[in-house]
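Going by numbering that gives the first Met the number 0, the sequence shown opens with residue 0, and the numbers climb by one from there. Structure first, then comments.
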Amino acid sequence: MQNPYLAKEVNERKYSRHSISSHVKNMKPSKLDHKLTQYVHNRINYLCSRRERCISSRKQLLVQHLISSHHKRNHM
């Protein structure tokens, strides 16, 4: 079964680590939070759909990475 998030939002090129960070840098803060949340959910759904079972450590690492890079950007 095709994940609706997968079809609509997520492809590897659009959401590679480099492109997401450059994309995020050009955003206003309120929009950034929404987009970041959306990205995390999309990415997790994508990873889950690629593997039969969800790997929780991978989810946590992804979320930690995004949160820490988000904070670093805000405090520069």
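Note that CB positions come from ideal geometry on N, CA and C, so glycine has one too.
Alpha-carbon spacing of residue i relative to residue j, whole angstroms
i, j, result
"Tyr38", "Ser48", "15 Å"
"Lys34", "Gln63", "16 Å"
"Gln59", "Ile43", "10 Å"
"Asp32", "Leu61", "16 Å"
"His40", "Ser67", "16 Å"
"Tyr45", "Leu65", "16 Å"
"Ala6", "Thr36", "Low confidence applies here, because Ala6 scores a pLDDT of 48, under 50, leaving its location unreliable and the question unanswered by this model."
Coarse secondary structure for residue i, derived from DSSP in three states
i, result
"Gln63", "helix"
Residue i CB to nearest heavy atom of the ligand GDP below 6 Å
i, result
"His40", "Looking at this structure, you won't find the ligand GDP or any other ligand, since it has none at all."
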